[in-house]
Amino acid sequence: MHSPLIYPMAAHVGLTAFLYVLLTVARAPSVWGPGRRADGSNPWTDVEPRISANLSNQFEWPLFFHAACLLLIQQQAVTSLQLWLAWAFVAGRIAHSCVQVLTRNVRLRGAVFTVNFLAVLGLWIGLLV
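Below you can see the structure in the form of structure tokens.
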């Protein structure tokens with residue numbers, strides 16, 4: 005039997021995989037041609053840099069999420085609060101991705117990031133207590 009923390013970890017991996025697919029689709033008109041506009045331009049030109057930036061973000065703060073989860077799994081003492089924090093992190097990452105890719109609202113993106121930030125801090129505090 006595996007720890008319930010594996011599911012939020014896998015969900016984050018799934019989000020990251022989805023962003024790779026989305027980035028490939030966004031770059032396809034420029035790289036391979038399909039989807040180009042009649043004038044030869046890429047209809048995804050405005051959103052492609054935001055997808056790319058968000059994908060890069062999945063390898064920054066989330067590193068601390070995965071490290072905390074692995075340490076908690078090793079301790080074999082995952083509490084319901086820690087599991088809730090892990091899912092809050094995933095929900096916050098999904099929201100953060102949506103805000104960053106679909107809007108240019110930096111203030112909202114920062115507010116949503118705060119959810120991720122606090123969830124991971126909570127996991128680490130739980131490790132240290």
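In my numbering, the protein residues as written are 5 to 133.
Yeah, the Cβ is synthetic: ideal placement off N, Cα and C, and Gly gets one too.
(Q) According to DSSP, simplified to helix, strand and coil, what is V103? (A) helix
Q: Can you tell me which of the three DSSP states L9 falls into?
A: coil
**Q.** Residue from E52, W128, A14 and L75 with nearest C-alpha to L89
**A.** W128
Q.
Suppose the cutoff is 6 Å on Cβ atoms and the five residues either side in sequence are ignored; what does the same chain contact list for Q62 look like?
A. T20
Q) Are G130 and L85 touching if we call contact CB-CB under 8 Å? A) yes
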